[in-house]
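Using the UniProt record's numbering, read the sequence shown as starting at 1 and increasing by one per residue. Using N, Cα and C, we set each Cβ at its ideal position, and we do this for glycine too.
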Amino acid sequence: MKLRIINGRVIDPSQDLDATIDLFIDDHKVVGLGEVPDGFEEAEVIDAGGQWVLPGLVDVAVALREPGYTQKGNIATEGRAAISGGVTTLVCPPDTNPIVDTPAVAALIQDKADQAGMVNVFPIGALTQGLEGGHLSNMVALTDAGCVALSNHRRPMRNTLVLSRALEYAATHDLLVVFHPDESSLSEGGCAHEGMMSTIHGLAGIPETAETIALMRDLLLIEKTGVRAHFARLSCAKSVEMIADAQASGLPVTADVALHNLLLTDEVLNEFDGQFHVIPPLRGENDRLTLIEGIKQGAISAICSDHQPHEKMAKIAPFAATEPGMANVEILLPLALQLMDEGDLSLTDVLKTLTSGPASCFGLEAGSLKPGSFADFILFDSTQSWTWSDDVRRSKGHNSAFDGIELTGRVTQTYVSGQCIYSFSG
Numbered sequence: 001m002k003l004r005i006i007n008g009r010v011i012d013p014s015q016d017l018d019a020t021i022d023l024f025i026d027d028h029k030v031v032g033l034g035e036v037p038d039g040f041e042e043a044e045v046i047d048a049g050g051q052w053v054l055p056g057l058v059d060v061a062v063a064l065r066e067p068g069y070t071q072k073g074n075i076a077t078e079g080r081a082a083i084s085g086g087v088t089t090l091v092c093p094p095d096t097n098p099i100v101d102t103p104a105v106a107a108l109i110q111d112k113a114d115q116a117g118m119v120n121v122f123p124i125g126a127l128t129q130g131l132e133g134g135h136l137s138n139m140v141a142l143t144d145a146g147c148v149a150l151s152n153h154r155r156p157m158r159n160t161l162v163l164s165r166a167l168e169y170a171a172t173h174d175l176l177v178v179f180h181p182d183e184s185s186l187s188e189g190g191c192a193h194e195g196m197m198s199t200i201h202g203l204a205g206i207p208e209t210a211e212t213i214a215l216m217r218d219l220l221l222i223e224k225t226g227v228r229a230h231f232a233r234l235s236c237a238k239s240v241e242m243i244a245d246a247q248a249s250g251l252p253v254t255a256d257v258a259l260h261n262l263l264l265t266d267e268v269l270n271e272f273d274g275q276f277h278v279i280p281p282l283r284g285e286n287d288r289l290t291l292i293e294g295i296k297q298g299a300i301s302a303i304c305s306d307h308q309p310h311e312k313m314a315k316i317a318p319f320a321a322t323e324p325g326m327a328n329v330e331i332l333l334p335l336a337l338q339l340m341d342e343g344d345l346s347l348t349d350v351l352k353t354l355t356s357g358p359a360s361c362f363g364l365e366a367g368s369l370k371p372g373s374f375a376d377f378i379l380f381d382s383t384q385s386w387t388w389s390d391d392v393r394r395s396k397g398h399n400s401a402f403d404g405i406e407l408t409g410r411v412t413q414t415y416v417s418g419q420c421i422y423s424f425s426g
């Protein structure tokens, strides 16, 4: 099918493009911008007047909960949630049940995603068997089965020797390794940022050093092995400085941050609401501002939703007893645009970290409207006001700290490979 998108404001950070021009789609790909391509005719015309035309969003942290935890979510429900939020490509973690430590599990996830026919799904494979941190997984087989990276997720390695051997092997085969920097001996049992707020409320704290000590160890091993690395969910100011220094020294490292760590601080602990229980925890205002500065300076390439859907009962308990995580993939874009309100980030900064930035971290052909790219794009009404609530939620997860919030901006249509797979009718 040929499409011609007219009258829309096309914004594509990968091309430094922000202009009201036409977008041309043919055979599932972008074939032109502005001028009509040679031989392009008899196209379906879509009038995007008054809306933004953006590359489909790329979210590198969406837990689909399938296989194994379907009471929390599944590939179909979380896929629908993703596309309604404009996410056309997502990366999912290996902590399913069974763990993504065999090609069969990786294939199962991708097959189910293909059957659902919505979002592009790329799994991360387990770095060690069962994520137990002791014996290496068959990394090459997992990569051949479609895994875009390897990670031990939030599980500790048995010791540094095992980690070093894993990185050496990954480097030999030019595989990407995703780190969640955490020194478990310092973070174990914690549920909030170690500071005044956790002390006041009697909550076990997680110190910043739990992240930075692990990060320093990991950077030294990356320097030793030369492995390509991505650091997931940075949460504190010192980590940003360390990543920036590592990049300046030439280490092949990238990093992302969860959106809630850019919008919230540990001041919300005053509400003693388990919806704010996340790992890594919400930290102080200086950490939040430094994370934002890390985006401006290029140390952090991606903003993610860190979407972790839970059933209602998972959050109905005292704060420390609730399961950590938020489910916000559906509102990733309008929430991220709030970072512009006080001049924290520019529009280009925000959109780049949601499109071409995360795509480049994982080597994905996504997040761009350059001719030849897959026609994954969205139409976005930047002026529409609406309220985020259970009435409009598509995720199976009921755990969002932003329930009831008034949002500005809404995805009205989502296209994957030139096919409209979501259209808002409100």
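Tell me, to the nearest whole angstrom, how far the beta carbon of residue i is from that of residue j; I am working on the premise that it is less than 8 Å.
i: Val-178; j: Leu-167; result: Not a contact, Cβ separation roughly 12 Å.
i: Thr-290; j: Ala-237; result: 4 Å
i: Leu-256; j: Ile-303; result: The question names Leu, but residue 256 is Asp in the sequence shown. Correct: roughly 7 Å between the Cβ atoms.
i: Pro-13; j: Phe-24; result: Rounded, the Cβ-Cβ distance is 20 Å, inconsistent with contact.
i: Val-30; j: Leu-364; result: Val-30 to Leu-364, Cβ: 16 Å. No contact.
i: Ala-113; j: Gly-68; result: Not confirmed; about 16 Å, so no contact.
i: Ile-243; j: Ala-192; result: With 8 Å as the limit, Ile-243 and Ala-192 do not qualify as a contact, their Cβ atoms being about 24 Å apart.
i: Cys-361; j: Ser-305; result: In fact, because the Cβ distance is near 15 Å, the residues do not count as touching under 8 Å.
i: Gly-146; j: Gln-110; result: 5 Å
Can you find the residues in the same chain that come closer than 7 Å, C-beta to C-beta, to residue i, ignoring five residues on each side of it along the sequence?
i: Pro-207; result: Leu-186, Glu-194
i: Glu-267; result: Met-197
i: Leu-351; result: Ile-11, Pro-13, Leu-54
i: Ala-210; result: Asp-182, Glu-183, Leu-186, Ser-187
i: Ala-19; result: Val-10
According to DSSP, residue i sits in a beta bridge with which residue or residues?
i: Ile-303; result: Val-257
i: Met-326; result: His-307
i: Val-62; result: His-307
i: Tyr-422; result: Thr-414
i: Pro-103; result: DSSP output for Pro-103 lists no bridge partner at all.
i: residue 514; result: Only positions 1 to 426 of the chain appear in this structure, which leaves residue 514 out of reach.
i: Asn-120; result: Thr-89
i: Trp-386; result: Leu-407
i: Ala-229; result: Val-177, Val-253
i: Ala-149; result: Ile-124
i: Ala-19; result: Val-10
i: Ala-192; result: Gly-205
Using only the heavy atoms of the ligand MG, determine whether one of them is closer than 7 Å to the beta carbon of residue i.
i: Pro-334; result: The ligand MG is not part of this structure, which contains no ligands at all.
Residue j and residue i - do their beta-carbons sit closer together than 8 Å?
i: Ser-239; j: Asn-261; result: no
i: Asp-182; j: Arg-165; result: no
i: Gly-133; j: Thr-89; result: no
i: Lys-2; j: Pro-309; result: no
i: Val-45; j: Ile-21; result: no
i: Phe-374; j: Ser-417; result: yes
i: Asn-399; j: Met-326; result: yes
i: Thr-265; j: Arg-233; result: no
i: Leu-108; j: Leu-127; result: no
i: Asn-328; j: Leu-259; result: yes
i: His-180; j: Leu-269; result: no
i: Leu-136; j: Tyr-169; result: yes
i: Asp-253; j: Ile-295; result: Here residue 253 turns out to be Val, not Asp, going by the sequence shown. No, these two residues do not count as a Cβ contact at 8 Å.
i: Asp-144; j: Gly-125; result: no
i: His-307; j: Ala-61; result: yes
Got a sec? Which residues, its chain only, sit under 8 Å from residue i by beta carbon, not counting five neighbours each side?
i: Leu-407; result: Ile-331, Pro-334, Leu-335, Ser-385, Trp-386, Thr-387, Trp-388
i: Gln-51; result: Gly-8, Arg-9, Leu-379, Phe-380, Asp-381, Ser-382, Thr-412
i: Ala-171; result: Thr-225, Gly-226, Val-227, Arg-228
i: Leu-17; result: Val-10, Ile-11, Leu-33, Leu-369
Can you name, in chain order, every residue of its own chain whose Cβ lies under 6 Å from the Cβ of residue i, other than the five neighbours on each side?
i: Val-140; result: His-173
i: Ile-213; result: Glu-183
i: Lys-396; result: Gly-73, Thr-77, Pro-309
i: Gly-274; result: Lys-315, Phe-319, Thr-322
i: Ile-279; result: Pro-324
i: Glu-241; result: none
i: Val-105; result: Pro-98
i: Glu-311; result: Gln-71, Lys-72
Does residue i come within less than 8 Å of chain C when only Cβ atoms are used?
i: Asp-256; result: Note that chain C does not occur in the displayed structure, where there is just one protein chain.
Check whether the stretch 326 to 342 touches the stretch 74 to 85, taking contact to mean three or more Cβ pairs, one atom from each stretch, closer than 8 Å.
yes
When the Cβ atoms of the stretch 219 to 232 are set against those of the stretch 198 to 205, are three or more pairs found closer than 8 Å?
Judged by Cβ distances under 8 Å, the stretch 219 to 232 makes no contact with the stretch 198 to 205, as fewer than three pairs qualify.
Is the stretch 90 to 101 touching the stretch 113 to 122 in the sense that three or more CB pairs, one from each, lie closer than 8 Å?
yes
Do three or more CB pairs link the stretch 391 to 411 to the stretch 95 to 114 at distances below 8 Å?
No, the stretch 391 to 411 does not touch the stretch 95 to 114.
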